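Protein chains in written order, with our numbering: chain A, 2 to 205; chain B, 2 to 205.
Ideal Cβ placement from N, Cα and C applies to all residues, glycine included.
Everything numeric in this text was worked out from a predicted model, so none of it was measured.
Read the structure below first, then the notes.
Protein chains: 2
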Amino acid sequence: MGVAERKAKEKEELRSLILQGAKKLFVQKGIEQTTIRSIAEAIDYSVGTVYVYFKDKNAILHALHTQGFAELGGQFAVLFNVTDPMERLKAMGRVYIRFAHDNPDMYELMFSIKAPMEFLNAVNEEWKEGKAAFTVLQTTVQQCMEAGHFDGHRLEPMTFMIWSLVHGMCSLEIGQRTKSVNLQEADGIVEQAYDEFLKIIDKL
Amino acid sequence: MGVAERKAKEKEELRSLILQGAKKLFVQKGIEQTTIRSIAEAIDYSVGTVYVYFKDKNAILHALHTQGFAELGGQFAVLFNVTDPMERLKAMGRVYIRFAHDNPDMYELMFSIKAPMEFLNAVNEEWKEGKAAFTVLQTTVQQCMEAGHFDGHRLEPMTFMIWSLVHGMCSLEIGQRTKSVNLQEADGIVEQAYDEFLKIIDKL
DNA sequence: TTATAAATTGAACAACGTTCAAAATTTGTT
DNA sequence: AACAAATTTTGAACGTTGTTCAATTTATAA
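Encoded structure:
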């Protein structure tokens, strides 16, 4: 059945087109301003069509969130050329921070906004993107431990602590909490704070 | 003019009543479900009246956010009975974590949601609550340094790093990112990770 | 009692997510 | 090529949201 195949491909293409339009608006106008109507208008389809391909707005946001993880995962993948786990861990933090800085709305969608998680709850699925990313980090931390670092520390809490530290900085920055606190060196505070962290783990 | 005074007091009381109703719904139903209409209904006034006392929803959210800082600040104030700055720093983290855990919606409003910051930008005001809270933390970190800790570290980035670490854990937990990552010990991960952090700074 | 000022109301507006019967298009059959 | 069935697309309509503001009600002053 060549027809069924073509239809399936067309469905996939339209689904992709919707996400493409959504992402474009997302980056341009931010998550708040990205409405179903604006997405439909951007790709010259009606609102009804969008709802054929996505059950609701949360489903669209979850799909975008998944795309974000694919992109971040791709950036992490490069780091596995770094053999020294400690150096790799440090580089992961820098990549993470740069990703958050370059894609603030996407970052929020991936790590702060509840919509993607609510979608997962609704369809009873797991957060496999998050689990995979966490595992990548945890594996690196474990290799650091095997290399003699982080003595006396537990793997899982230690991994979560490191994630939290970097996420916290990005979250505060994106949430406009850093620039409002009247720091002496407002811009670059994230990088400076991360450097302090690196100084610390260098001794662990 | 006794009348003018009474009027002023009545205005303040109604303003307070609106916030009280808003906070009640806020805690009960969450931020998403707290609408202007529901606030008005909760206190038996019309929507129009709410807009006499607050220029828009952001103004209400900002006022609630301010109340949140007053509450957290009150909890921090107790800690100044702890003379040892290192012990105080550790206790501040615990208080912060507990506050976030007990008041998740309020916490998000204070440290994640953009509405309060947008209100400040709109009326061209400073984030004095955030600045005050940050200063309290920074002062404690400074006293730790004066007591011989954190040698070779810079005050401001170090303070921001510590804030980020604790905020990051709370943010991930509230944003439902911890329970979805399939941790071996999902509940208590925040406390466990914080313990790892305490182990680290004990050596600094 | 009456006129002025202040406070309160709620209908109305635009925009949102969402639904669904109807219209338009594509497919399969004769 | 013509027609029926299946599929895809449409956009008007519904309920809610934040917000506005002329009209109403209430309180004050003369």
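**Asked** Within this structure, are the beta carbons of E197 (chain B) and M162 (chain A) separated by less than 8 angstroms?
**Response** yes
**Asked** Taking DSSP as the reference, what is the three-state secondary structure of Q34 (chain B)?
**Response** coil
**Item:** Proximity test, Cβ basis, 8 angstroms: E72 (chain B) and chain A
**Value:** Answer no: the Cβ-Cβ gap between E72 (chain B) and chain A never drops below 8 angstroms.
**Prompt:** Taking 8 angstroms as the CB-CB limit, is M159 (chain B) close to chain A?
**Reply:** It does: the Cβ of M159 (chain B) has a partner Cβ on chain A nearer than 8 angstroms.
**Message:** Give me, in chain order, the residues of the same chain whose beta-carbon lies closer than 6 angstroms to that of L266 (chain A); leave out the 5 immediate sequence neighbours on both sides.
**Reply:** Residue numbering for chain A in the displayed model covers 2 to 205; residue 266 (chain A) lies beyond these limits and cannot be assessed.
**Request:** Taking a Cβ distance cut-off of 9 angstroms, strictly less, list which residues of the stretch 18-47 of chain B are near chain A, in chain order.
**Result:** Contact annotation: in the stretch 18-47 of chain B, residues whose CB is within less than 9 angstroms of a CB in chain A are E33.
**Asked** Exposed or buried, K10 (chain A), counting other C-beta atoms within 10 Å across all chains shown (16 or more means buried)?
**Response** exposed
**Message:** Quick check: what's the CA-CA separation for D152 (chain B) versus Q185 (chain A)?
**Reply:** 20 angstroms
**Message:** To be precise: take each residue of the stretch 140-154 of chain B, compare its Cβ to all Cβ atoms of chain A, and keep it if any distance is under 8 angstroms. Which residues remain?
**Reply:** Cβ contacts with chain A: G153, H154.
**Prompt:** Helix, strand or coil: which one does DSSP assign to A43 (chain B)?
**Reply:** If DSSP states are grouped into helix, strand and coil, A43 (chain B) belongs with the helices.
**Prompt:** On the premise that L138 (chain A) lies in contact with M93 (chain A), defined as a C-beta separation below 8 angstroms, what is that separation, rounded to the nearest angstrom?
**Reply:** 7 angstroms
**Item:** Three-way DSSP call (helix, strand, coil) for F81 (chain B) in this model
**Value:** Note: F81 (chain B) maps to helix in three-state DSSP.
**Request:** Please confirm if H168 (chain B) has its CB atom under 8 angstroms from at least one CB of chain A.
**Result:** yes
**Asked** Going by beta carbon distance, what residues of the same chain come within less than 7 angstroms of L18 (chain A), once the five residues before and after it are set aside?
**Response** I44
**Message:** Could you check whether I98 (chain A) and Y195 (chain A) sit closer than 8 angstroms to each other, using their CB atoms as the reference points?
**Reply:** yes
**Cβ-based burial, F81 (chain A) [other Cβ within 10 Å; buried from 16]** = exposed
**Asked** For the candidate residues B:I202, B:K200, B:V191, whose alpha-carbon lies nearest to that of R95 (chain B)?
**Response** B:V191
**Min CB distance K58 (chain A) to chain B below 8 angstroms** = By this cut-off, K58 (chain A) is not an interface position.
**Message:** At the 8 angstroms Cβ level, is A116 (chain A) part of the contact set with chain B, yes or no?
**Reply:** For A116 (chain A), no Cβ of chain B is located within less than 8 angstroms of the residue's own Cβ.
**Request:** Give every residue of the same chain whose Cβ lies closer than 8 angstroms to the Cβ of Y108 (chain A), excluding the five residues on either side of it in the sequence, and list them in chain order.
**Result:** G69, F100, A101, C171, I175
**Message:** Given a cut-off of 8 angstroms on the beta-carbon distance, is the pair M111 (chain A) and H154 (chain A) in contact?
**Reply:** no
**Item:** Three-state secondary structure assigned by DSSP to N125 (chain A)
**Value:** coil
**Request:** Kindly say whether F183 (chain A), judged by its beta-carbon, lies nearer than 8 angstroms to any beta-carbon of chain B.
**Result:** The residue asked about is misnamed: residue 183 (chain A) is Asn in this sequence, not Phe. So, interface residue.
**Prompt:** Between the Cα of V142 (chain B) and the Cα atoms of B:E130, B:P86, B:N122, which residue gives the shortest distance?
**Reply:** B:P86
**Asked** For T160 (chain B), which residues from the same chain have a beta carbon less than 6 angstroms from its beta carbon, with the 5 sequence-adjacent residues on both sides left out?
**Response** L138, Q139, V142
**Asked** Would you say the beta carbon of E11 (chain A) comes nearer than 7 angstroms to a heavy atom of the ligand ADP?
**Response** No copy of the ligand ADP occurs in the structure displayed, which carries no ligand at all.
**Item:** Classification of N125 (chain A) by the beta-carbon crowding that lies within 10 angstroms, buried from 16 upward
**Value:** exposed
**Prompt:** What is the C-beta distance between E119 (chain B) and N59 (chain B), in whole angstroms, given that I count them as a contact (C-beta under 8 angstroms)?
**Reply:** 6 angstroms
**Asked** From Y54 (chain B) to I40 (chain B), what does the alpha carbon distance come to, in whole angstroms?
**Response** 13 angstroms
**Request:** Could you tell me whether any Cβ in chain B is nearer than 8 angstroms to the Cβ of E197 (chain A)?
**Result:** yes
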